[in-house]
Ligand code: SAM
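Residue numbers (my numbering): 848 to 1128.
Following this line, the structure appears as structure tokens:
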């Protein structure tokens, strides 16, 4: 009997994945975790039945959420990651030799332990890196209480349901601004505009209260269904979005990122928004 996993993000738009094996499932105090084996996608991590990341396409999202802000900025030393329990964002951030500290605030210790054990293809040894500062806690509380400052804040959250909901509020974005050094940049997991237009519109409106330059950039992740996905962008330095391909090349070429999606040209092109997306900003 073939088993199927039904994607639970949208009440009216269901996708199903044929499951070869349920590798693991458990519940933490925050959410239900499942690790599924798929013939084409490899391992799939779901939280509360919503796809978080898959072995075969995780590189797209994790490369674009990290290399775009870090290479646009050009002198990043400290990064704050909110969420990111699977370690994929952390792993990509740490590929940059200039990074001195990567603080990761994840609410669910179970996701980290689970990912270290079952998804090491994604996190590799990022959690053991001496530059990693892993904090188990609510990202919303952390950005409000910590006195620390960062050059880049990356919000790799679940969708605005459950524990992730508070990471899409006006107060949260204000607090993220308070955590940024001058000229720093906030990027956010901001959903698939074709499916979650209201989420992007709301995030952009909140961010505009605190940042001079608010936009987004796009990447197509096959398992975030419904078209291209938006990564929110907020900074007081509008020049970061105007960095030339030549400058990005000069920063990218000496590195060994081994990227399979990110290139300086893809970076630049990601900010070219179709009207159905730019009108939401
Ligand atoms: N890449 C995925 C996506 O785009 O949906 C998200 C990856 S990661 C698994 C999302 C993480 O956000 C989860 O580990 C979840 O526990 C964490 N999270 C949700 N709400 C949080 C909060 N308030 N503070 C910190 N982490 C949170």
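Just so you know, even glycine gets a beta-carbon here, dropped at the ideal spot from N, CA and C.
Computed from a predicted model, the values in this text were never measured in an experiment.
For residue i, three-class secondary structure by DSSP
i: residue 874; result: strand
i: residue 961; result: helix
i: residue 936; result: helix
i: residue 1087; result: helix
i: residue 978; result: coil
i: residue 1048; result: helix
i: residue 988; result: helix
i: residue 1054; result: helix
i: residue 902; result: coil
i: residue 1109; result: coil
i: residue 852; result: strand
Residue i vs residue j beta-carbon contact at 7 Å
i: residue 959; j: residue 929; result: no
i: residue 901; j: residue 882; result: no
i: residue 868; j: residue 854; result: no
i: residue 791; j: residue 1056; result: A query on residue 791 cannot be resolved here, the shown segment of the chain reaching from 848 to 1128 and no further.
i: residue 1074; j: residue 1041; result: yes
i: residue 917; j: residue 943; result: yes
i: residue 927; j: residue 950; result: yes
i: residue 904; j: residue 1067; result: no
i: residue 1123; j: residue 906; result: no
i: residue 890; j: residue 925; result: no
Rounded separation between residue i and residue j - CA only
i: residue 1117; j: residue 1110; result: 10 Å
i: residue 1081; j: residue 859; result: 31 Å
i: residue 1024; j: residue 1017; result: 11 Å
i: residue 1087; j: residue 1004; result: 23 Å
i: residue 875; j: residue 962; result: 14 Å
i: residue 1011; j: residue 971; result: 25 Å
i: residue 993; j: residue 967; result: 30 Å
i: residue 1100; j: residue 975; result: 27 Å
i: residue 978; j: residue 848; result: 47 Å
i: residue 954; j: residue 1014; result: 12 Å
i: residue 871; j: residue 851; result: 15 Å
i: residue 861; j: residue 1006; result: 16 Å
i: residue 1125; j: residue 865; result: 35 Å
i: residue 1072; j: residue 1128; result: 21 Å
i: residue 946; j: residue 895; result: 33 Å
i: residue 990; j: residue 1054; result: 15 Å
i: residue 1065; j: residue 964; result: 31 Å
i: residue 1094; j: residue 1112; result: 11 Å
i: residue 893; j: residue 878; result: 10 Å
i: residue 1090; j: residue 1077; result: 19 Å
i: residue 920; j: residue 1083; result: 12 Å
i: residue 1051; j: residue 1061; result: 7 Å
i: residue 1058; j: residue 886; result: 44 Å
Element boundaries [alpha helix (DSSP H), containing residue i]
i: residue 913; result: 905 to 920
i: residue 1070; result: Run containing residue 1070: none; DSSP gives neither H nor E here.
i: residue 1096; result: 1092 to 1099
i: residue 1021; result: 1017 to 1025
i: residue 1039; result: Neither: residue 1039 is in no alpha helix (DSSP H) and is coded neither H nor E.
i: residue 864; result: First-last for residue 864: 863 to 866, but that is the beta strand (DSSP E), not the alpha helix (DSSP H).
Extent of the continuous beta strand (DSSP E) to which residue i belongs
i: residue 885; result: 879 to 885
i: residue 949; result: 948 to 953
i: residue 1000; result: 997 to 1003
i: residue 1062; result: 1060 to 1066
i: residue 1013; result: Here residue 1013 belongs to no beta strand (DSSP E), and DSSP marks it neither H nor E.
Fill in: the segment 1029 to 1036 touching the segment 997 to 1004, judged by at least three CB pairs closer than 8 Å
At 8 Å Cβ cutoff, the stretches touch.
Worksheet item: For the segment 930 to 943 against the segment 911 to 920, are there 3 or more C-beta pairs whose distance is under 8 Å?
Response: yes
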